[in-house]
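Quick note on the working numbering: the first sequence kicks off at 15 and runs consecutively. We treat Cβ as the ideally placed atom computed from N, Cα and C, and that holds for glycine. The structure appears below as structure tokens.
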Amino acid sequence: MLSNNDGCAVARSEEAKALGIQMGAPEFMVRDTLKAHNVAVFSSNYTLYGDMSDRVMKTLAAFVPRLELYSIDEAFLDMSELKYNDLLKLGMEIKNTVKQHVGIPVTVGIAPTKALAKIANRYAKKKHKDLGVHWLANSDLIKQALVATEVGDIWGIGRRYETLLQRYRVNTAFDFINLPEEWIRVNMTVVGQRLWNELRGVQSFEWEFEIPAKKNICTSRSFGKLVNRKDEMIEALSNYAASCAAKLRRQKSAARLLHVFIKTNQHRMQDKQYGRSINIQLPIATNNTVEIVKHALKGLDIIFKEGYNFNKCGVIVSDLVPEESIQYNLFDTANRHRNTTVMKTMDKLNASLGKDLVRFAVQGFEKRYKLRAEYLSKLYTTNLADLPTLRN
DNA sequence: TCTGGGGTCCTAGGACCC
DNA sequence: TCTGGGGTCCTAGGACCC
Numbered sequence: 015m016l017s018n019n020d021g022c023a024v025a026r027s028e029e030a031k032a033l034g035i036q037m038g039a040p041e042f043m044v045r046d047t048l049k050a051h052n053v054a055v056f057s058s059n060y061t062l063y064g065d066m067s068d069r070v071m072k073t074l075a076a077f078v079p080r081l082e083l084y085s086i087d088e089a090f091l092d093m094s095e096l097k098y099n100d101l102l103k104l105g106m107e108i109k110n111t112v113k114q115h116v117g118i119p120v121t122v123g124i125a126p127t128k129a130l131a132k133i134a135n136r137y138a139k140k141k142h143k144d145l146g147v148h149w150l151a152n153s154d155l156i157k158q159a160l161v162a163t164e165v166g167d168i169w170g171i172g173r174r175y176e177t178l179l180q181r182y183r184v185n186t187a188f189d190f191i192n193l194p195e196e197w198i199r200v201n202m203t204v205v206g207q208r209l210w211n212e213l214r215g216v217q218s219f220e221w222e223f224e225i226p227a228k229k230n231i232c233t234s235r236s237f238g239k240l241v242n243r244k245d246e247m248i249e250a251l252s253n254y255a256a257s258c259a260a261k262l263r264r265q266k267s268a269a270r271l272l273h274v275f276i277k278t279n280q281h282r283m284q285d286k287q288y289g290r291s292i293n294i295q296l297p298i299a300t301n302n303t304v305e306i307v308k309h310a311l312k313g314l315d316i317i318f319k320e321g322y323n324f325n326k327c328g329v330i331v332s333d334l335v336p337e338e339s340i341q342y343n344l345f346d347t348a349n350r351h352r353n354t355t356v357m358k359t360m361d362k363l364n365a366s367l368g369k370d371l372v373r374f375a376v377q378g379f380e381k382r383y384k385l386r387a388e389y390l391s392k393l394y395t396t397n398l399a400d401l402p403t404l405r406n
């Protein structure tokens, strides 16, 4: 599966991995291999993934009193209050039910802490593939799993820490938990210390059963083709600003700070390079599309330069406050009540249409810069026109 | 040779995640 | 020709204050 813009391979089947297609490999560099072996290639299809994810999560939720949605394809289930003796059996039931209801294969890892559950899940994937479930039911099983986990495969250990740890001959998760706590604290901050505790069975990561409001919201894209005209940049940036505003309204936040950035493609040696960003303090926190677009374009005016091939721009809104606690100032002349009504109506219409058809003129429809997605699968589950058809 | 001590707040940058 | 997008948390260091 390819990243946005059909740029890089970001998810590969075991067979594709066996052909040597690396995570993050640019598509155009592996194109010949893909063709030669008839590899199925797909563009990203977030609508489809989102819908499938909802279905899986709903199925999981029926098994436990509380669950934490961790990402589009992962969840933590709180089993602490369950009366089950045999959690392995429960894990199997979960896995089979998801398969039956949604058709998606999942792997279940069961353990005393989140970090150990991630280890268990990984162990199930690698060593108990047919079962698809692993339960770290006692200290022997925990040790066995820790020994089998390379340090770089621990959740929370990235490339930098992996290199550092290997320098100290720490190769497995088991080596890691036997390091002195003080060393971890000094070299990996309190973040590493928490992880160390989790892997020793001491819970240090909190549950997050409610989805927390985001503290920053970003919309940015690489262009499907290079852009050097300002009017096209205006159109693209307006769309990203509008998208940020809509995301703000969805979580009932308003932003006090706007960050706008543009950049050229640093991989193109033949092009002059230019990248610049700007922060814009908003006089009053807002989630109004018109205002956010207006300020974003004012920022673009300052940072845009003619004569460059731009390949990306974006908008980040931050310094967020809850919608209902916006501080208005004395000299504020905008008709905020009317603006809010317009935004609500627009959101409602777009939601019912399933597409952002209601928009402001500056956003345009043409999108010459829009993403490439040549291998898009259909929206089987969310678009009537894409329903699979049966033949008799 | 020598240049106070102790706070707070903010931001940039580095680490990580999916 | 062609190289993704969207987040979080922590820390060090600078600015500023008394």
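Span of the beta strand (DSSP E), counted from its first residue to its last, around residue i
i: glycine 328; result: 324-336
i: arginine 235; result: 231-241
i: glycine 38; result: Run containing glycine 38: none; DSSP gives neither H nor E here.
i: isoleucine 124; result: 122-124
Three-way DSSP call (helix, strand, coil) for residue i in this model
i: glycine 378; result: coil
i: isoleucine 86; result: coil
i: threonine 177; result: helix
i: threonine 476; result: The first residue shown for the chain is 15 and the last is 406, placing residue 476 beyond what the model contains.
i: tryptophan 149; result: strand
i: serine 67; result: helix
i: glutamate 388; result: coil
i: serine 267; result: strand
i: isoleucine 108; result: helix
i: threonine 186; result: strand
i: alanine 25; result: coil
i: histidine 51; result: coil
i: leucine 393; result: coil
i: leucine 155; result: helix
i: leucine 81; result: strand
i: leucine 272; result: strand
i: leucine 74; result: helix
i: leucine 415; result: In the structure displayed, the chain extends from 15 to 406; residue 415 sits before or after that span and is not available.
Whole-angstrom distance between residue j and residue i, CA atom to CA atom
i: leucine 209; j: leucine 296; result: 39 Å
i: alanine 269; j: aspartate 154; result: 51 Å
i: glutamate 222; j: threonine 403; result: 41 Å
i: tyrosine 394; j: threonine 73; result: 19 Å
i: leucine 193; j: threonine 121; result: 30 Å
i: glutamate 249; j: glutamine 377; result: 5 Å
i: lysine 128; j: glycine 117; result: 26 Å
i: lysine 362; j: lysine 49; result: 44 Å
i: glycine 313; j: alanine 76; result: 48 Å
i: lysine 369; j: phenylalanine 379; result: 12 Å
i: serine 168; j: phenylalanine 219; result: Serine is not the amino acid found at residue 168; the sequence shown has isoleucine there. Their Cα atoms are separated by approximately 15 Å.
i: isoleucine 124; j: valine 24; result: 27 Å
i: valine 372; j: tyrosine 60; result: 21 Å
i: methionine 202; j: leucine 101; result: 34 Å
i: glutamate 195; j: arginine 214; result: 11 Å
i: glycine 289; j: arginine 405; result: 54 Å
i: asparagine 349; j: proline 226; result: 30 Å
i: alanine 187; j: alanine 387; result: 40 Å
i: methionine 283; j: threonine 47; result: 26 Å
Rounded distance between the beta-carbons of residue j and residue i, thought under 8 Å
i: leucine 145; j: alanine 134; result: Contact doesn't hold; Cβ gap of about 12 Å is too wide.
i: threonine 163; j: arginine 183; result: With 8 Å as the limit, threonine 163 and arginine 183 do not qualify as a contact, their Cβ atoms being about 16 Å apart.
i: aspartate 92; j: arginine 80; result: 5 Å
i: alanine 256; j: valine 216; result: Not confirmed; about 46 Å, so no contact.
i: glutamate 337; j: asparagine 301; result: 6 Å
i: leucine 62; j: serine 391; result: 6 Å
i: phenylalanine 2; j: tyrosine 389; result: Absent from the model: residue 2. The displayed extent of the chain is 15 to 406, so no value can be given.
i: serine 27; j: serine 58; result: About 16 Å separates the two Cβ atoms, so there is no contact after all.
i: valine 329; j: phenylalanine 374; result: The Cβ separation is near 15 Å, so there is no contact.
i: methionine 247; j: isoleucine 294; result: At roughly 16 Å, the Cβ-Cβ gap does not stay under 8 Å, so methionine 247 and isoleucine 294 are not in contact.
i: isoleucine 108; j: leucine 130; result: So it is not a contact: roughly 18 Å between Cβ atoms.
i: isoleucine 231; j: valine 331; result: 5 Å
Whether residue i touches residue j by CB criterion (9 Å)
i: leucine 96; j: leucine 104; result: yes
i: serine 236; j: lysine 326; result: yes
i: glycine 459; j: isoleucine 86; result: Outside the shown range of the chain (15 to 406) lies residue 459, about which nothing can therefore be said.
i: alanine 89; j: methionine 71; result: yes
i: valine 161; j: glutamine 180; result: no
i: valine 241; j: phenylalanine 324; result: yes
i: isoleucine 298; j: histidine 273; result: no
i: lysine 266; j: lysine 228; result: no
i: tyrosine 383; j: lysine 239; result: yes
i: asparagine 19; j: leucine 251; result: no
Start-to-end residues for the alpha helix (DSSP H) that takes in residue i
i: lysine 308; result: 303-317
i: alanine 422; result: Look at the range of the chain in this structure, 15 to 406, and you will see that residue 422 is not part of it.
i: arginine 352; result: 350-367
i: glutamine 295; result: Not the alpha helix (DSSP H): glutamine 295 falls in the beta strand (DSSP E), residues 289-300.
i: valine 204; result: 195-213
i: alanine 7; result: The structure shown does not extend to residue 7, since the chain is modelled only from 15 to 406, so the question has no answer here.
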